[in-house]
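Step one of this worksheet: look at the structure below.
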Amino acid sequence: MITGRGPNRLQPARYPTTMTGRIRIISGQWRGRRLSVADLPGLRPTPDRARETLFNWIGPAIHGKRCLDLFAGTGALGLEAASRGASEVILVEKSAQAVRHLESQLLDWPGRECLSIVNAEALSWLAALADVRPFDLVFIDPPYHQGLQHLALRALVEQGCLASGTRIYLEAATDEDWRGEDADWIERHFECLKERRVGAVMIGLFAPRAL
Numbered sequence: 014m015i016t017g018r019g020p021n022r023l024q025p026a027r028y029p030t031t032m033t034g035r036i037r038i039i040s041g042q043w044r045g046r047r048l049s050v051a052d053l054p055g056l057r058p059t060p061d062r063a064r065e066t067l068f069n070w071i072g073p074a075i076h077g078k079r080c081l082d083l084f085a086g087t088g089a090l091g092l093e094a095a096s097r098g099a100s101e102v103i104l105v106e107k108s109a110q111a112v113r114h115l116e117s118q119l120l121d122w123p124g125r126e127c128l129s130i131v132n133a134e135a136l137s138w139l140a141a142l143a144d145v146r147p148f149d150l151v152f153i154d155p156p157y158h159q160g161l162q163h164l165a166l167r168a169l170v171e172q173g174c175l176a177s178g179t180r181i182y183l184e185a186a187t188d189e190d191w192r193g194e195d196a197d198w199i200e201r202h203f204e205c206l207k208e209r210r211v212g213a214v215m216i217g218l219f220a221p222r223a224l
């Protein structure tokens, strides 16, 4: 079900990720389908190569999983997860324009009922959650250089959104110290399973330590 309106990926132009203004779904039931990127300042879809790397890390384990795409922007990560068999994908995006643009392109996509698109600021949405069920996979790809990655990790822990088997994808600029003052806390609470540089961004796959 597509409801509401969902995060900005607004950032400096020195981190371009597409020259065509379009993204494509790489694999699964929607393989080859393309989405135009809303003409909003700095809207930044996760590059194809980064998505390919991420979903190679995860493998077929995505099937039947419950996923959360915080700071969803173009929806590239959440839609890729749904295409590959996730049973539920919640995309949270604060830009109403980005959400309307995304919703308008999904109207004729078969199987889109697994999607819920929420127009909200990601951290506020997390703070307001009630009756929380843990997510199996969480995507954290916020605007760079704003310290939002570690704030999102803290909110996920505090709200009980994670289980021992949860996997968290995190993206940041290569010149960004995203851990900041929370470096020790992050080390205590999360294990980095995979990490790789892809162009101008660093991507990583994390798992919570004992909860």
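Just so you know, we're using my numbering here: the sequence shown kicks off at 14 and counts up by one. All C-beta atoms, glycine included, are put in the ideal place defined by N, C-alpha and C.
{"Asked": "C174, DSSP secondary structure in three states", "Found": "coil"}
{"Asked": "E208 versus I181: straight-line alpha-carbon distance, rounded", "Found": "12 Å"}
{"Asked": "Chain-order list of residues whose beta-carbon lies under 6 Å from that of L139 (same chain, five-residue window excluded)", "Found": "A168, Q172"}
{"Asked": "Cut-off 7 Å between Cβ atoms - residues of its own chain near C205, not counting five sequence neighbours on either side", "Found": "G217, F219"}
{"Asked": "Extent of the continuous beta strand (DSSP E) to which V112 belongs", "Found": "Here V112 belongs to no beta strand (DSSP E); instead the alpha helix (DSSP H) covers 109–118."}
{"Asked": "Paired residues, beta bridge with I153 - DSSP", "Found": "L83, L183"}
{"Asked": "Reduced DSSP secondary structure (H/G/I, E/B, other) of A220", "Found": "strand"}
{"Asked": "Inter-residue CB distance, P155 and C174 (contact presumed, cutoff 8 Å)", "Found": "16 Å between Cβ atoms; not a contact."}
{"Asked": "I36 - containing alpha helix (DSSP H), residue span", "Found": "Segment 35–37 is the beta strand (DSSP E) holding I36; no alpha helix (DSSP H) there."}
{"Asked": "Neighbour-count burial assignment, D121, 16 or more Cβ in a 10 Å radius", "Found": "exposed"}
{"Asked": "Buried or exposed by the 16-neighbour rule on C-beta atoms within 10 Å, applied to V131", "Found": "buried"}
{"Asked": "Proximity of V214 and A176 at Cβ, strictly below 9 Å", "Found": "no"}
{"Asked": "Candidates R192, D188, A196: closest to G212 by CA position", "Found": "D188"}
{"Asked": "Between the CA atoms of I38 and T59 - distance to the nearest angstrom", "Found": "11 Å"}
{"Asked": "Distance between S49 and L115 (C-alpha atoms, nearest Å)", "Found": "9 Å"}
{"Asked": "Cα-Cα separation between E194 and S100, rounded to whole angstroms", "Found": "36 Å"}
{"Asked": "Closest residue to L2 among L83, I75, G98, L53 (Cα-Cα distance)", "Found": "With the chain represented from 14 up to 224, any question about residue 2 goes unanswered, as that position is not in the structure."}
{"Asked": "Residue environment, D149, which counts as buried when at least 16 other CB atoms sit within 10 Å", "Found": "buried"}
{"Asked": "Straight-line Cα distance separating D52 from G91", "Found": "20 Å"}
{"Asked": "Host beta strand (DSSP E) of L128 (start-end)", "Found": "128–132"}
{"Asked": "Status (buried if at least 16 other CB within 10 Å, exposed otherwise) for P221", "Found": "buried"}
{"Asked": "G34 versus A196, D61, L183, S40, residue with shortest Cα-Cα distance", "Found": "D61"}
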